[in-house]
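Below is one structure, written out as structure tokens; the observations come after it.
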Amino acid sequence: MTTPPFSLRSASESDLPAIVRIYNQTIASRMVTADTEPVSVESRVAWFRAHNPKTRPLWVSEAEGQTVGWLSFNSFYGRPAYNGTVEVSIYVDEQHRRRGVGRWLLQEAVRRSPECGVTTLLGFIFAHNEPSLKLFAQFGFERWAHLPRIAVLDEIERDLIIVGRRVDAA
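Next up, the structure:
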């Protein structure tokens, strides 16, 4: 097995500017997020602090000393009975897309889920984001829900697909 050209580590608050920069790169495409304007580092501090390395990690991926992407596990629905379920979010720097970063991050999310106490992974993906839907399907995610016309982006109603996958416990 070859060593991937990427590393993964827990994010620190000093990584927040890079995380926000990468996130903001996706907004204009209207493919990835329902945010319609760039977010600020300050506006993401509480979100950052809601993560913890043990059960709700926020990881950054690096290559050659540069942040190339990030991955987070976000609590689903905020009720104790759902503690084993997370929404997985993956964002890749625009200069490093189509180089396997997203695929590797999703693989790591699946692989590391059991050590975080996660039994179910969810992805919330716009229906017109075929590349992401295909990527998640390659890792065994199935379409669990279709929410028609739930978002409006530039006056166009968009559907949201929720994909899910059970993960075997460690």
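Per the working numbering, residue 1 is the first one in the sequence shown, and the count goes up by one each step.
We put the CB at the ideal spot given by N, CA and C, even for glycine.
None of these values were measured; they are calculated from a predicted model.
- prompt: What is the C-beta distance between S61 and W70, in whole angstroms, given that I count them as a contact (C-beta under 8 Å)?
  reply: 7 Å
- prompt: With DSSP run on the structure shown, which of helix, strand or coil describes D15?
  reply: Here D15 carries a helix assignment [DSSP, helix/strand/coil].
message: Assuming L16 and R44 are in contact, meaning their beta carbons sit under 8 Å apart, how far apart are those beta carbons, in whole angstroms?
response: Yes, L16 and R44 are in contact; Cβ-Cβ is about 6 Å, under 8 Å.
Proximity to T119 [Cα-Cα], best of R99, F76, F6 and R97: Comparing Cα positions, the closest option is F76.
Which listed residue (P5, S72, T33 and A28) has its alpha carbon closest to that of S12: S72
task: State yes or no: is the C-beta of V163 within less than 7 Å of the C-beta of F126?
output: Not a contact, by the Cβ cut-off of 7 Å.
query: Based on Cα-Cα distance, which residue from N24, V68, L160 and I27 lies nearest to L8?
result: V68
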